[in-house]
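**Student:**
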DNA sequence: CATATGACTGTGG
DNA sequence: ACCACAGCCATAT
């Protein structure tokens, strides 16, 4: 593996998330091969503000579809953005999570 | 080089 | 079903 940066890989996968869809940290980590580093995905998101182009971190939620990242966005900004993209959010949780769930390991599998 | 941290996840009581 | 603890692994200090 050449200049392999974990952060960059995470950013690229997250940027592949289509609008109106969400994914989980574990799914991204698993796709990257580092299944156990689900926390690293979120940690990478912390530095997403340093990435270019920016990363739609608001499309990444936890396994339960809960907007754990909203605390970092500062308010319900995350929920509003998701709603703006067509994702129904209620009680900081994505409705029909299974329906809007976007798994890179499946969507990108070929 | 060693310790601490974290936007997670799974298992057990 | 709910709460608590442990495992995991890359980055930061």
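Numbering (this note's numbering), first residue to last: 1238 to 1347. Glycine residues also receive a C-beta, built at the ideal position from the N, C-alpha and C atoms. Computed from a predicted structure; not experimentally measured.
Given a threshold of 16 other Cβ atoms within 10 Å of its Cβ, counted over all protein chains shown, does residue 1312 qualify as buried or as exposed?
**Tutor:** The residue in question, residue 1312, is exposed, as its Cβ has fewer than 16 Cβ neighbours within 10 Å.
**Student:** Please name the residue in 1319, 1346, 1327 and 1330 whose C-alpha comes closest to that of residue 1258.
**Tutor:** Comparing Cα positions, the closest option is 1319.
**Student:** Would residue 1333 and residue 1304 qualify as a contact pair, given that the criterion is a beta-carbon distance under 8 Å?
**Tutor:** No, the Cβ-Cβ distance between residue 1333 and residue 1304 is not below 8 Å.
**Student:** Under a three-way DSSP split, which group does residue 1269 fall into?
**Tutor:** In the structure shown, residue 1269 sits in a helix (DSSP, three-state: H, G or I).
**Student:** Take residue 1255 as the anchor and find which of 1272, 1317 and 1292 has the nearest alpha-carbon.
**Tutor:** Residue 1292 is the option with its Cα nearest to residue 1255.
**Student:** Quick one: residues in its chain with C-beta nearer than 7 Å to the C-beta of residue 1275, no 5 flanking neighbours on either side, listed in chain order?
**Tutor:** Once the five neighbours on either side are set aside, the close Cβ partners of residue 1275 are 1262, 1263 and 1266.
**Student:** By Cβ distance, which residues of its chain are closer than 6 Å to residue 1302, with the 5 residues on each side in sequence left out?
**Tutor:** The answer, listed in chain order, is 1330, 1331 and 1334.
**Student:** Tell me, please, which residues DSSP counts as bridged to residue 1317.
**Tutor:** For residue 1317, which the question treats as bridged, DSSP gives no partner whatsoever.
**Student:** To the nearest angstrom, report how far apart residue 1238 and residue 1336 are at their CA atoms.
**Tutor:** Reliability of the predicted coordinates at residue 1238 is poor, the pLDDT of 48 falling under 50, and no value is obtained from them.
**Student:** Considering only residues of the same chain and omitting the five flanking positions on each side of residue 1296, which have a CB-CB separation below 6 Å?
**Tutor:** If we look at residue 1296 and ignore the five residues flanking it on each side, its Cβ neighbours are 1254 and 1259.
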